[in-house]
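**Student:**
In my numbering, the protein residues as written are 1020 to 1225.
#1: Between residue 1185 and the rest of its own chain, which residues show a CB-CB distance below 6 angstroms, the 5 nearest in sequence each way excluded?
#2: Just grab the DSSP bridge partners of residue 1155 for me.
#3: Give the straight-line distance between the Cα atoms of residue 1203 and residue 1217, rounded to the nearest whole angstrom.
#4: Whole angstroms are fine: how far does the CA of residue 1023 sit from the CA of residue 1052?
#5: Nearest-angstrom Cα distance between residue 1047 and residue 1020?
#6: Considering only their Cβ atoms, is the gap separating residue 1044 from residue 1154 smaller than 9 angstroms?
#7: Quick one: what's got a C-beta closer than 7 angstroms to residue 1182's C-beta in the same chain, skipping five residues either side?
#8: Name the two residues that bound the continuous alpha helix (DSSP H) containing residue 1123.
#9: Where do the ends of the beta strand (DSSP E) carrying residue 1201 lie?
#10: Using beta-carbon positions only, say whether residue 1089 and residue 1116 come within less than 9 angstroms of one another.
#11: Which residues does DSSP list as the beta-bridge partners of residue 1144?
#12: Where do the ends of the beta strand (DSSP E) carrying residue 1076 lie?
#13: Could you name the residues of the same chain whose beta carbon sits closer than 7 angstroms to that of residue 1135, not counting the 5 residues immediately before and after it, in chain order?
#14: Taking the alpha carbon of residue 1049 as the reference point, which residue from 1078, 1161, 1066 has its own alpha carbon closest?
#15: With 16 as the cutoff for other CB atoms within 10 Å, does residue 1093 come out buried or exposed?
#16: Around the Cβ of residue 1120, are there at least 16 other Cβ atoms within 10 angstroms (buried) or fewer (exposed)?
#17: For residue 1055, does the count of other Cβ atoms within 10 angstroms reach 16, so buried, or fall short, so exposed?
Next comes the structure, spelled out in C-alpha coordinates:
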(Lines of atoms letter the chains of each structure in order from A and count residues from 1; the text may use other names and numbers.)
(Lines give C-alpha, C1' and ligand atoms only; values in the text may rest on other atoms or scores of the structure.)
Protein backbone atom coordinates (compact mmCIF):
# COMPACT_ATOMS: atom_id res chain seq x y z
CA UNK A 1 0.00 0.00 0.00
CA UNK A 2 2.92 2.38 0.57
CA UNK A 3 3.82 2.48 -3.14
CA UNK A 4 0.15 2.89 -4.06
CA UNK A 5 -0.39 5.73 -1.56
CA UNK A 6 2.83 7.54 -2.44
CA UNK A 7 2.90 7.23 -6.23
CA UNK A 8 -0.39 6.00 -7.71
CA UNK A 9 -3.06 7.52 -5.47
CA UNK A 10 -1.85 11.13 -5.90
CA UNK A 11 -2.13 10.83 -9.68
CA UNK A 12 -5.54 9.19 -9.47
CA UNK A 13 -6.73 11.87 -7.05
CA UNK A 14 -5.51 14.63 -9.33
CA UNK A 15 -7.27 13.12 -12.34
CA UNK A 16 -10.51 12.60 -10.43
CA UNK A 17 -10.56 16.09 -8.95
CA UNK A 18 -9.82 17.91 -12.20
CA UNK A 19 -13.16 16.83 -13.71
CA UNK A 20 -14.80 19.68 -15.59
CA UNK A 21 -18.07 19.32 -13.64
CA UNK A 22 -16.24 20.21 -10.41
CA UNK A 23 -14.88 23.52 -11.68
CA UNK A 24 -18.02 25.58 -10.95
CA UNK A 25 -18.00 24.30 -7.35
CA UNK A 26 -14.33 25.27 -6.98
CA UNK A 27 -14.88 28.68 -8.50
CA UNK A 28 -17.74 29.48 -6.12
CA UNK A 29 -15.80 28.27 -3.09
CA UNK A 30 -12.76 30.47 -3.71
CA UNK A 31 -14.59 33.51 -5.11
CA UNK A 32 -15.08 35.05 -1.65
CA UNK A 33 -11.48 34.48 -0.54
CA UNK A 34 -9.54 37.55 0.56
CA UNK A 35 -6.53 38.55 2.58
CA UNK A 36 -4.42 35.77 4.01
CA UNK A 37 -5.91 32.41 2.96
CA UNK A 38 -5.45 28.93 4.35
CA UNK A 39 -6.33 26.11 1.98
CA UNK A 40 -6.79 22.88 3.92
CA UNK A 41 -6.13 19.88 1.71
CA UNK A 42 -4.54 21.89 -1.09
CA UNK A 43 -3.93 18.62 -2.95
CA UNK A 44 -2.41 19.09 -6.39
CA UNK A 45 -3.16 22.83 -6.39
CA UNK A 46 -6.21 22.85 -8.64
CA UNK A 47 -7.67 25.89 -6.84
CA UNK A 48 -4.55 28.04 -7.06
CA UNK A 49 -5.37 29.51 -10.47
CA UNK A 50 -8.84 30.55 -9.31
CA UNK A 51 -8.06 32.87 -6.40
CA UNK A 52 -9.26 36.48 -6.85
CA UNK A 53 -7.07 39.57 -6.65
CA UNK A 54 -8.29 40.28 -3.10
CA UNK A 55 -6.11 37.40 -1.84
CA UNK A 56 -2.70 38.54 -0.53
CA UNK A 57 -1.23 35.07 -0.03
CA UNK A 58 -2.18 31.41 0.19
CA UNK A 59 -0.92 28.84 2.69
CA UNK A 60 -1.71 25.36 1.41
CA UNK A 61 -1.40 22.33 3.68
CA UNK A 62 -1.68 18.69 2.72
CA UNK A 63 -0.39 15.40 4.19
CA UNK A 64 0.47 13.89 0.79
CA UNK A 65 4.01 14.51 -0.52
CA UNK A 66 2.92 13.21 -3.93
CA UNK A 67 0.08 15.71 -4.24
CA UNK A 68 2.27 18.54 -2.95
CA UNK A 69 4.80 17.87 -5.69
CA UNK A 70 2.02 18.51 -8.19
CA UNK A 71 0.96 21.62 -6.26
CA UNK A 72 4.49 23.02 -6.43
CA UNK A 73 4.30 22.87 -10.21
CA UNK A 74 0.85 24.46 -10.20
CA UNK A 75 2.04 27.34 -7.99
CA UNK A 76 5.02 28.38 -10.13
CA UNK A 77 4.83 31.90 -11.56
CA UNK A 78 1.42 32.51 -10.03
CA UNK A 79 0.07 35.26 -7.86
CA UNK A 80 -0.81 35.43 -5.06
CA UNK A 81 2.29 34.06 -3.38
CA UNK A 82 1.75 30.48 -2.23
CA UNK A 83 3.39 28.65 0.66
CA UNK A 84 2.98 24.87 0.63
CA UNK A 85 3.30 22.82 3.81
CA UNK A 86 3.35 19.06 4.27
CA UNK A 87 1.29 18.55 7.38
CA UNK A 88 -1.94 17.65 9.09
CA UNK A 89 -5.10 19.72 9.31
CA UNK A 90 -5.49 18.41 12.85
CA UNK A 91 -2.35 20.33 13.90
CA UNK A 92 -2.09 23.52 11.88
CA UNK A 93 1.30 25.26 12.27
CA UNK A 94 -0.30 28.70 12.43
CA UNK A 95 -0.97 31.28 15.11
CA UNK A 96 -4.41 31.88 16.60
CA UNK A 97 -6.53 34.37 14.66
CA UNK A 98 -4.01 34.77 11.84
CA UNK A 99 -6.14 33.79 8.82
CA UNK A 100 -8.76 35.84 6.98
CA UNK A 101 -10.29 32.99 5.00
CA UNK A 102 -10.06 29.19 5.12
CA UNK A 103 -10.92 27.07 2.09
CA UNK A 104 -11.70 23.35 1.99
CA UNK A 105 -12.73 21.61 -1.22
CA UNK A 106 -13.43 17.87 -0.97
CA UNK A 107 -11.17 17.60 2.05
CA UNK A 108 -13.18 16.88 5.21
CA UNK A 109 -14.24 13.52 3.78
CA UNK A 110 -10.70 12.14 4.10
CA UNK A 111 -9.28 13.77 7.24
CA UNK A 112 -8.91 11.12 9.98
CA UNK A 113 -10.23 13.43 12.71
CA UNK A 114 -12.51 15.96 11.01
CA UNK A 115 -13.78 17.56 14.23
CA UNK A 116 -10.25 18.21 15.39
CA UNK A 117 -9.36 19.68 12.00
CA UNK A 118 -12.40 21.94 12.08
CA UNK A 119 -11.48 23.10 15.58
CA UNK A 120 -8.02 23.97 14.27
CA UNK A 121 -9.51 25.90 11.34
CA UNK A 122 -11.71 27.80 13.79
CA UNK A 123 -8.70 28.55 15.98
CA UNK A 124 -6.62 30.13 13.22
CA UNK A 125 -9.44 32.22 11.74
CA UNK A 126 -9.76 35.85 12.81
CA UNK A 127 -12.46 35.96 15.49
CA UNK A 128 -14.96 38.40 14.00
CA UNK A 129 -14.07 38.68 10.34
CA UNK A 130 -12.66 35.27 9.40
CA UNK A 131 -14.70 33.12 7.00
CA UNK A 132 -14.66 29.43 6.12
CA UNK A 133 -15.73 28.56 2.58
CA UNK A 134 -16.24 24.89 1.77
CA UNK A 135 -17.48 22.42 -0.81
CA UNK A 136 -17.60 18.78 0.26
CA UNK A 137 -19.42 15.59 -0.54
CA UNK A 138 -21.04 13.59 2.21
CA UNK A 139 -24.10 12.01 3.74
CA UNK A 140 -27.17 12.16 1.51
CA UNK A 141 -30.65 12.87 2.93
CA UNK A 142 -32.38 9.73 1.63
CA UNK A 143 -32.15 6.60 3.83
CA UNK A 144 -31.72 4.35 0.78
CA UNK A 145 -28.68 6.31 -0.44
CA UNK A 146 -27.33 6.50 3.13
CA UNK A 147 -27.40 2.72 3.37
CA UNK A 148 -25.32 2.46 0.20
CA UNK A 149 -22.90 5.11 1.49
CA UNK A 150 -22.36 3.27 4.76
CA UNK A 151 -21.97 -0.05 3.01
CA UNK A 152 -19.44 1.27 0.47
CA UNK A 153 -17.35 3.49 2.76
CA UNK A 154 -15.15 0.81 4.45
CA UNK A 155 -13.82 -0.48 1.11
CA UNK A 156 -13.90 2.90 -0.64
CA UNK A 157 -11.88 4.61 2.10
CA UNK A 158 -9.10 2.04 1.80
CA UNK A 159 -8.54 2.63 -1.91
CA UNK A 160 -9.45 6.34 -2.08
CA UNK A 161 -7.16 7.95 0.48
CA UNK A 162 -9.48 7.57 3.50
CA UNK A 163 -12.37 9.24 1.67
CA UNK A 164 -15.63 8.68 3.58
CA UNK A 165 -18.89 8.86 1.65
CA UNK A 166 -21.10 9.12 4.73
CA UNK A 167 -19.90 12.09 6.78
CA UNK A 168 -22.63 14.58 7.79
CA UNK A 169 -20.64 17.62 6.71
CA UNK A 170 -22.94 20.43 7.85
CA UNK A 171 -23.45 18.83 11.26
CA UNK A 172 -19.70 18.37 11.74
CA UNK A 173 -19.07 22.04 10.92
CA UNK A 174 -21.77 23.33 13.25
CA UNK A 175 -20.75 21.01 16.09
CA UNK A 176 -17.18 22.34 15.80
CA UNK A 177 -18.16 25.88 16.76
CA UNK A 178 -19.08 27.41 13.40
CA UNK A 179 -22.20 29.28 12.39
CA UNK A 180 -23.17 28.35 8.82
CA UNK A 181 -24.40 31.46 7.02
CA UNK A 182 -24.95 29.95 3.57
CA UNK A 183 -25.56 26.32 2.64
CA UNK A 184 -26.47 24.72 -0.67
CA UNK A 185 -26.88 20.97 -1.06
CA UNK A 186 -27.70 18.64 -3.92
CA UNK A 187 -26.44 15.92 -6.20
CA UNK A 188 -23.77 16.41 -8.83
CA UNK A 189 -23.62 14.08 -11.82
CA UNK A 190 -22.56 10.55 -10.98
CA UNK A 191 -23.47 7.66 -8.67
CA UNK A 192 -25.66 9.06 -5.89
CA UNK A 193 -23.69 7.60 -2.96
CA UNK A 194 -20.61 9.55 -4.08
CA UNK A 195 -21.92 12.93 -5.24
CA UNK A 196 -24.16 14.55 -2.64
CA UNK A 197 -22.58 18.00 -2.29
CA UNK A 198 -22.48 20.54 0.51
CA UNK A 199 -21.46 24.09 -0.45
CA UNK A 200 -21.38 26.88 2.04
CA UNK A 201 -19.85 29.69 4.03
CA UNK A 202 -19.43 29.66 7.80
CA UNK A 203 -18.03 31.93 10.48
CA UNK A 204 -16.70 31.30 13.93
CA UNK A 205 -19.50 31.02 16.45
CA UNK A 206 -19.42 33.05 19.64
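From the three backbone atoms N, C-alpha and C, an ideal C-beta is built for every residue, glycine too. Since this is a predicted model, take the numbers as computed values, not measurements.
**Tutor:** So, to answer that:
#1: Excluding its 5 nearest sequence neighbours in each direction, residue 1185 has C-beta neighbours in its own chain below 6 angstroms: 1158, 1168, 1169, 1172, listed in chain order.
#2: By DSSP's assignment, residue 1155 forms a beta bridge with 1217.
#3: Each residue's Cα considered, the two are about 6 angstroms apart.
#4: Rounded to the nearest angstrom, the two C-alpha atoms are 34 angstroms apart.
#5: The alpha-carbon separation between residue 1047 and residue 1020 amounts to approximately 35 angstroms.
#6: The beta carbons of residue 1154 and residue 1044 sit closer together than 9 angstroms.
#7: Excluding five sequence positions before and after residue 1182, the CB atoms of its chain that fall closer than 7 angstroms to its own CB belong to 1128, 1129, 1175, 1176, given in chain order.
#8: Note, residue 1123: premise wrong, no alpha helix (DSSP H); beta strand (DSSP E) at 1120-1124.
#9: Looking at the DSSP string, the run of the beta strand (DSSP E) that includes residue 1201 is 1197-1206.
#10: Cβ atoms of residue 1089 and residue 1116: not closer than 9 angstroms.
#11: Under DSSP, residue 1144 takes part in a beta bridge, and its partners are 1118.
#12: Annotation for residue 1076: the continuous beta strand (DSSP E) segment containing it runs 1074-1081.
#13: Result list for residue 1135: 1109, in chain order.
#14: Ranked by Cα distance from residue 1049, the first of 1078, 1161, 1066 is 1066.
#15: Residue environment: residue 1093 is assigned as buried (16 or more neighbouring CB atoms within 10 Å of its CB, all protein chains considered).
#16: By the beta-carbon neighbour count (other beta carbons within 10 angstroms, threshold 16), residue 1120 is buried.
#17: Under this definition residue 1055 is a buried residue.
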